[in-house]
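A.B. asks: Would you mind keeping the following structure in view while I ask a few things?
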Amino acid sequence: MGVFRGSHVSYTPSITLQRRLSKVADGVSGVDDPHENEKVKTVCILKTVFTIVSHLPISALKPLGLRQSMSAVAERILRVLEELANSPEGMTLSELTAVLDLPITAIHRLLADLIEQDYVRKDERRGEFTLTMKLPSLGLRFLSAGGVVDIAQPILERLAVISGELVRLAVVDGEQLVYVAKAQGAREGLRYDPEMGRPVTLSCSAAGISWLAGKSDEEVMRLVAAQGFGLPANFGPSAPTTFKTLLPLIETARKNGYATTQDMFLPAMSSLATTVTTGNGDVGALLIIAGPMSRLTHERMKELLPALMSTAAELSEASSVSPVMRRASI
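Residue numbers (the working numbering): 2 to 331.
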């Protein structure tokens, strides 16, 4: 058995692995069909090579080109999962191919692996692929173990009753905000009730502006540039599209300790948000009240401000027992 060589490193398989490869190369006993024999032999060799790769030092992966290819596969799997998460009604193989701009054979292999691991289900009648509940359940298990939902939900429900509008909680996740909990206070008329789990668009949301208010202008520009502006065509007609219009909104939020938006995140929608700090004073989450402009006027938002601020203070005190919120700040 030879030595696996990269441009700067080499690796010699152990005696056990060398013997395993030699046995496979000698043929697979008990299989009469030569084609089947070759298939089994190929599978065994691939499994053994994977074992060898798993023993390679990290420094050996880059010269061999294996690290990059493994990363590419992981990226493709995540892209498939994200697209399916955006389409609860399901997507066909051709639809996924068009959206992801990947070879149909590659997507088919990824889907087969995800189905085998029970992350994806195929509707044989319609030919559509959908997520199973395995991935959502992992997220819910994480939030439950982290105490976010158990701690925050009763507090959010109380503010929802007071405001009569949708109340949301977004947790700081690295350099973005993600909605993790909500309570609906509107009992009649127009109800604003968007999806959970999506990252918050920083430039045109009250939550994003309130969070950015705690950062320097340089950091604001870096974070918004990385995510991109929320364009009016996709959000509200008043969504800022330049730093010249965004920075004054952030400065106002710095002075007030909260942020308000109208016609920005969605047409004819208002929102009011403030930060929730952790025990060390860092921002771990954002508390938001949102609803239609016809009800949530500037005057109404001023009336709700004391309730918003007191609820944020209550969440700050409760955050000490939530590992997720303690770890959330950056």
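Heads up, the beta-carbon is just placed ideally off N, CA and C, and yes, glycines get one too.
As the structure is a computational prediction, the values presented were derived from the model and not from experiment.
How is methionine 92 classed by DSSP in three states: helix, strand or coil?
C.D. replies: It is a strand residue.
A.B. asks: Is proline 293 helix, strand or coil by DSSP?
C.D. replies: Here proline 293 sits in strand by DSSP.
A.B. asks: For isoleucine 108, collect the residues of the same chain with a Cβ closer than 6 angstroms to its Cβ; drop the 5 residues on either side in sequence, then sort them by chain order.
C.D. replies: Cβ within range, chain order: Leu97, Thr98.
A.B. asks: Determine contact between the region 309 to 323 and the region 175 to 184, defined as no fewer than three beta-carbon pairs at a distance below 8 angstroms.
C.D. replies: No, because fewer than three Cβ pairs between the region 309 to 323 and the region 175 to 184 fall closer than 8 angstroms, the two stretches do not touch.
A.B. asks: When you compare only the Cα positions, how much space is there between threonine 242 and glutamine 118?
C.D. replies: C-alpha separation (whole angstroms): 42 angstroms.
A.B. asks: Short check: CB of leucine 178 to CB of threonine 312, under 7 angstroms?
C.D. replies: No; because the gap between Cβ atoms is not below 7 angstroms, this pair is not in contact.
A.B. asks: By the three-class DSSP mapping on this structure, what secondary structure does arginine 122 have?
C.D. replies: Reduced to three states, the DSSP call for arginine 122 is strand.
A.B. asks: Quick test of your reading: valine 172 and glycine 91, contact by CB under 8 angstroms. State the CB separation rounded to the nearest angstrom.
C.D. replies: Actually they do not touch by this definition, with Cβ atoms about 29 angstroms apart.
A.B. asks: Taking its Cβ as the centre, do 16 or more other Cβ atoms sit within 10 Å of aspartate 124, making it buried, or is it exposed?
C.D. replies: That one is exposed.
A.B. asks: If you measure between the beta carbons of serine 272 and alanine 254, is that distance less than 7 angstroms?
C.D. replies: The answer is no: Cβ separation not under 7 angstroms.
A.B. asks: Report the rounded CA-to-CA distance for aspartate 102 versus phenylalanine 230, giving the unit in angstroms.
C.D. replies: Roughly 24 angstroms separates the two Cα atoms.
A.B. asks: For phenylalanine 236, which residues of its own chain have a beta-carbon under 7 angstroms away from its beta-carbon, when the five flanking residues on both sides are left out?
C.D. replies: Cβ neighbours of phenylalanine 236 beyond the five flanking positions: Thr202, Cys205, Met265, Phe266, Leu267.
A.B. asks: Looking only at its chain, what residues have a beta carbon closer than 7 angstroms to the beta carbon of glycine 165, apart from the 5 residues adjacent to it on each side?
C.D. replies: Around glycine 165: Gly186, Ala187.
A.B. asks: Classify threonine 278: buried if its beta carbon has 16 or more other beta carbons within 10 angstroms, exposed otherwise.
C.D. replies: By the neighbour-count rule (16 or more Cβ atoms within 10 Å), threonine 278 is buried.
A.B. asks: Could you check if methionine 134 is buried or exposed, using at least 16 other CB atoms within 10 Å of its CB as the buried criterion?
C.D. replies: When all chains shown are included, methionine 134 counts as exposed.
A.B. asks: Note down, in chain order, each residue of its chain lying with its Cβ closer than 8 angstroms to the Cβ of leucine 248, except the 5 sequence neighbours on either side.
C.D. replies: Once the five neighbours on either side are set aside, the close Cβ partners of leucine 248 are Asp218, Val221.
A.B. asks: Using 10 angstroms around the beta-carbon of arginine 126, count the other beta-carbons present and answer buried if the total reaches 16, otherwise exposed.
C.D. replies: The residue in question, arginine 126, is exposed, as its Cβ has fewer than 16 Cβ neighbours within 10 Å.
A.B. asks: With distances taken between CB atoms, is the gap from proline 308 to leucine 287 smaller than 7 angstroms?
C.D. replies: The displayed chain sequence assigns alanine, not proline, to residue 308. The answer is no: Cβ separation not under 7 angstroms.
A.B. asks: With a CB to CB cut of under 8 angstroms and the five nearest residues on each side skipped, what residues in its chain are close to tyrosine 120?
C.D. replies: Once the five neighbours on either side are set aside, the close Cβ partners of tyrosine 120 are Leu82, Leu132, Thr133, Lys135, Leu136.
A.B. asks: Out of Ser138, Asn87, Ile210, Arg77, which has the shortest C-alpha to C-alpha gap to tyrosine 259?
C.D. replies: Ranking Ser138, Asn87, Ile210, Arg77 by Cα distance to tyrosine 259 puts Ile210 first.
A.B. asks: Taking the continuous beta strand (DSSP E) assigned at glutamate 176, which residues delimit it?
C.D. replies: Unbroken run through glutamate 176: none, as it is neither H nor E.
A.B. asks: From the DSSP output, in three-state form, read off valine 162 for me.
C.D. replies: Helix, per DSSP.
A.B. asks: Quick one: is threonine 276 buried, meaning 16 or more other Cβ sit within 10 Å of its Cβ, or exposed?
C.D. replies: Classification of threonine 276: buried, given that the 10 Å Cβ count is 16 or more.
A.B. asks: So the alpha helix (DSSP H) leucine 111 belongs to, where does it begin and stop?
C.D. replies: Leucine 111 -> alpha helix (DSSP H) spans 105 to 117.
A.B. asks: Tell me, please, which residues DSSP counts as bridged to threonine 312.
C.D. replies: DSSP lists no partner for threonine 312.
A.B. asks: Under the rule that 16 or more other beta-carbon atoms within 10 Å means buried, what is leucine 213, buried or exposed?
C.D. replies: By the 10 Å Cβ count, leucine 213 comes out buried.
A.B. asks: In three-state terms, what does DSSP make of arginine 255?
C.D. replies: The answer is helix: DSSP assigns arginine 255 an H, G or I state.
A.B. asks: Is there a C-beta anywhere in chain B that falls below 7 angstroms from the one on leucine 115?
C.D. replies: This model lacks chain B altogether, as it is built from one protein chain only.
A.B. asks: CB alanine 207 to CB threonine 261, shorter than 7 angstroms?
C.D. replies: Yes, the pair counts as a contact, with Cβ atoms nearer than the cut-off.
A.B. asks: Where does alanine 260 fall in DSSP's three states?
C.D. replies: Strand, per DSSP.
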